[in-house]
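Engineer: Okay, here's the structure, questions in a sec.
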Amino acid sequence: MMPLSRRLLVGALLAAAFALPAPAFEGRTVTDATGRTVQIPADPARVFAAGPPAAVLLYALKPEAMVGWVSAPKPEALPFLRPDAAGLPELGRLTGRGDTLNLEVLLSSGPDLIVDYGTVNDTYIDLAARIQDQLGLPYALIDGSFAHMPQGIREMAGILGVPGRGEELAAYAEGTLADLDALLAGIPEQDRPTVYLARGPEGLETPARGSINAEIIERVGARNLAEAETRGLATVSPEQVQAWAPEVIITIDRDFAANVGRMPEWQGIPAVANGRVYLAPAAPFGFIDAPPSVNRLAGLVWLSHKLYPTAATGDLRAEIADFYDLFYGMRPDEAALTGLLGE
Amino acid sequence: MLALGLVVAMMAAAAIGPFALSPGRILAVLSGDRSDAQAVTVLWNIRLPRVMAAAMVGAALAAAGAAYQTTFRNPLVSPDILGVSAGAGFGAVLGLLLGLPVMAIQLLGFAMGLATVGLVLGLTLALRGTGQVLVMVLCGIAIGALAGAGISLVKLLADPEQQLPAITFWLMGSLAGVKRPDLAAALPALLIGAAPLLALRWRIGLLAMGDDEARAMGIDATRLRLLVIACATLMTAAAVALAGVIGWIGLMVPHMARLLTGPRFDRLLPAAILIGAGFMVLVDTAARSIATLEVPLGILTAVLGAPVFVWLLARGARPWSE
């Protein structure tokens, strides 16, 4: 009796599984950066961004479709975000090593599409395919490199079903990059400063040349001194920084920016001696990387003013306010701008 | 001989570095020439504190390792057997997670290292196992595992863009950020830990013969062992707070020293201190000069240390104990 009933049970379950009606498909088929064809809804209403860069782009393009954040915005970021999006829950990250997202939590938030924006390599391609198979949700991956940014914005907007909004943002990106190239055309190579990007409270972590975290330095025409054996984040000694003797130091660490003038091992470095240590703004998203997404366009504007103070034209405050208005859906007032830019 | 080797190693370390300085310039700066401000900064604020820190950390870990191995009568024991490294590591990564200033991070690491061993000793006492090394070691492993879980939890909670790399680098050990105030903060703990070990090194050596024999010679083995543990823990916690988690030194250097001097603790301890200091200075010199980026010390101690160690073993060794 026992085996029979067990077999019956299994049979019933199998029958039930196969009897589920296939969802009627009313979407489109797109080809993402990986060359995979993905079937997506015509107008995705609930979208999960798999990593921080994708979350920024999704927020800029279609904030009403977000189901949550990869990591919740920090308190200082909240005034710069739309209130409805700022209050969304933190779900965790899906990309890269060490996921913190429980797939059941993700499913219970009811997404109809997963998007990722960033590095495209075999790991991420495979990850996208696996998640898609496992969850039965379409998973689209878009190339997030700087060179590809306007195109990447358009591709993501197309997938999200907001091509008009995408065109607006992509045009801004193209305009910003064109303005920068025009500026750089008038600045000879020897007038471009050497830059050291300082991270961590001691300022000794630095993204080496070629890493996605330092991409913006090369794009803005300056020379990142950190040429190391890695294309990622390196720790270096203060002596190495002395030997590099950077003309400008850009940091994302508030403590380091406040203390570097008093740290004995940083004395004598041209950037420190000449007061050219700049703290990159970080709200709601970083200007330099953190995450490496479209937020870096604001960093590009900011860096072109900091690195080429005599050549850069235009009003930095107004340009940053315009960017926030267009991308983040809020225009910072004068006090907020001062707090943001620290000047 | 060993002392001479240490001095040579430190001189070489002071002469080598990514910022090019000729030996003549170094001698000039050392003898008080302040005309080249950048050379002064590099030498006095960066390179020399770092060489000193490397010597101190190496000496502390090696001395603690030798003391632990002798008192526990076990050649496989390293200074972190009672959880001091895991505890100090947990304290420091917690500090990194909370975004504390660097000095506070180091203090928190130091305090948590001491607290962890204090907890282990308290537990052992509660289990009435003070006399039993095994109970103490097992408690150490259990509490160490808890601290390890704490470290993993902190990694999970850390911001993956900024905090996680810092935590990872810190746990691999580095002297890249050492400053003179750090030295001044760590030195008292190291001296307080080292002095009793050096002063009592004959008596501690007797512990290696077993508690009963030591007792027969009029030594309170339990109390002496507690003292040794306290001293070695103090030194290890200070070293970990200063340099992060550096494996291998505390396990391997005492064996290197033993191959040279034999197992008697009164000869072993000074040799271990000198070899540990010299080895660490060499390793740290390599760490800051073989590549543009800093190579974490934990990687280098293993890569350089393991072959040397095997070679020493192969040369035919003296017995581990008499």
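Protein sequences, first through last, are from chains A and B. Note that the UniProt record's numbering numbers the first sequence so that position 160 is 160, with each residue one more than the last. Note that the UniProt record's numbering numbers the second sequence so that position 109 is 109, with each residue one more than the last. We put the beta carbon where it would ideally sit given N, CA and C, even for glycine.
1. One question on the structure: do A33 (chain A) and I142 (chain A) come within less than 8 Å of each other, judged by their Cβ atoms?
2. Which of the residues in the region 68-81 of chain B, read from start to end, lie with their CB under 8 Å from any CB of chain A?
3. Does the distance from the CB of R46 (chain A) to the CB of D112 (chain A) come in under 8 Å?
4. Could you round the C-beta distance between residue 345 (chain A) and Y196 (chain A) to whole angstroms and report it? I think they count as a contact, below 8 Å.
5. Find the nearest neighbour of L73 (chain B) within the set B:A199, B:A88, B:G5 and B:P254, judged by alpha-carbon distance.
6. Using a beta-carbon distance below 8 Å, is L204 (chain A) in contact with chain B?
7. If you run the structure through DSSP and keep just helix, strand and coil, what is G44 (chain A)?
8. Please classify I249 (chain A): does DSSP put it in a helix, a strand, or coil?
9. By DSSP, does D143 (chain A) sit in helix, in strand, or in coil?
10. Taking only three categories from DSSP, how would you classify W302 (chain A)?
11. For the candidate residues B:G91, B:R34, B:A53 and B:S35, whose alpha-carbon lies nearest to that of T285 (chain B)?
12. Taking 8 Å as the cut-off, decide whether the C-beta atoms of I143 (chain B) and G205 (chain B) are in contact.
13. Output yes if chain A places a C-beta closer than 8 Å to the C-beta of T222 (chain B); else output no.
14. Leaving out five residues on either side along the sequence, give the residues of the same chain with a beta carbon under 8 Å from the beta carbon of L97 (chain B).
15. Measuring from the CB of G329 (chain A), is there a heavy atom of the ligand MG at a distance below 7 Å?
16. Within 8 Å (strictly less), CB to CB, does R34 (chain B) reach chain A?
17. Based on DSSP bridge pairs, tell me the residues matched to Q39 (chain A).
18. Verify the CB distance criterion: does Q132 (chain A) have a CB-CB separation below 8 Å to chain B?
19. Could you name the residues that DSSP lists as bridge partners for W69 (chain A)?
20. Could you compute how far the alpha carbon of G244 (chain B) sits from the alpha carbon of A14 (chain B)?
21. Should E294 (chain B) go down as buried or exposed, given a rule of 16 or more other Cβ atoms within 10 Å for buried?
22. Within 10 angstroms of its Cβ, does R258 (chain B) collect 16 or more other Cβ (buried), or is it exposed?
23. If you compare alpha carbons, which of B:E161, B:L171 and B:R267 is closest to G148 (chain B)?
24. In chain B, which residues lie less than 7 Å from T230 (chain A) when you measure between Cβ atoms?
25. Compare the C-beta of F169 (chain B) with all C-beta atoms of chain A and state if any pair is closer than 8 Å.
26. Beta carbon of W91 (chain B), beta carbon of G118 (chain B): below 8 Å?
27. Report all residues from its chain with a CB closer than 8 Å to the CB of A24 (chain A); omit the five preceding and five following residues, and keep chain order.
28. With 8 Å set as the bound, which would you pick, yes or no: does the beta-carbon of R47 (chain B) sit closer than that to a beta-carbon of chain A?
29. Counting only Cβ-Cβ distances shorter than 7 Å, please list the residues of the region 234-245 of chain A near chain B, keeping chain order.
30. So, with DSSP's three-state summary, where would you put P270 (chain A)?
31. Just the chain A side, please: which residues come within less than 8 Å of L288 (chain B) by C-beta, in chain order?
32. Can you tell me whether D116 (chain A) is buried or exposed, with buried defined as 16 or more other CB within 10 angstroms of its CB?
33. State the start and end residues of the unbroken alpha helix (DSSP H) segment that holds A280 (chain A).
34. Measure the Cβ-Cβ separation of G203 (chain A) and D253 (chain A) and say whether it is below 8 Å.
35. Compare the C-beta of V102 (chain B) against all C-beta atoms of chain A and say whether one is closer than 8 Å.
36. Looking at the structure shown, is V253 (chain B) part of a helix, part of a strand, or coil, going by DSSP?
Structural biologist: On the basis of the supplied data:
1. yes
2. Look at the region 68-81 of chain B: it has no residue with a C-beta under 8 Å from a C-beta of chain A.
3. yes
4. This structure leaves residue 345 (chain A) out entirely; chain A is present only between 1 and 343.
5. With the sequence shown as reference, residue 73 (chain B) is identified as Arg, and Leu is not the correct amino acid for it. That would be B:P254, whose Cα lies nearest to the Cα of R73 (chain B).
6. yes
7. Per the sequence shown, residue 44 (chain A) should be read as Pro rather than Gly. If DSSP states are grouped into helix, strand and coil, P44 (chain A) belongs with coil.
8. Strand at I249 (chain A).
9. Residue state, collapsed to three classes: strand.
10. In the structure shown, W302 (chain A) sits in a helix (DSSP, three-state: H, G or I).
11. When each option's Cα is compared against that of T285 (chain B), the closest is B:A53.
12. no
13. no
14. V154, L157, A158, Q163 and I167
15. No copy of the ligand MG appears in this structure; indeed no ligand is present at all.
16. no
17. A:T29
18. no
19. A:E90.
20. 22 Å
21. buried
22. buried
23. B:L171
24. L293
25. yes
26. Trp is not the amino acid found at residue 91 (chain B); the sequence shown has Gly there. No, the pair does not count as a contact, with Cβ atoms beyond the cut-off.
27. With a pLDDT of 44 at A24 (chain A), under the threshold of 50, the modelled position of this residue cannot be trusted; read the value that follows with caution. For A24 (chain A), where only same-chain residues beyond five positions count, there are no Cβ hits under 8 Å.
28. Closer than 8 Å: yes.
29. A234, T235, V236, S237, P238, E239, Q240, Q242 and A243
30. helix
31. First, the amino acid is wrong: residue 288 (chain B) is Arg here, not Leu. Chain A residues near R288 (chain B): S237, E239 and Q240.
32. The residue in question, D116 (chain A), is buried, as its Cβ has 16 or more Cβ neighbours within 10 Å.
33. Premise fails: A280 (chain A) is in no alpha helix (DSSP H) and is neither H nor E.
34. yes
35. yes
36. helix
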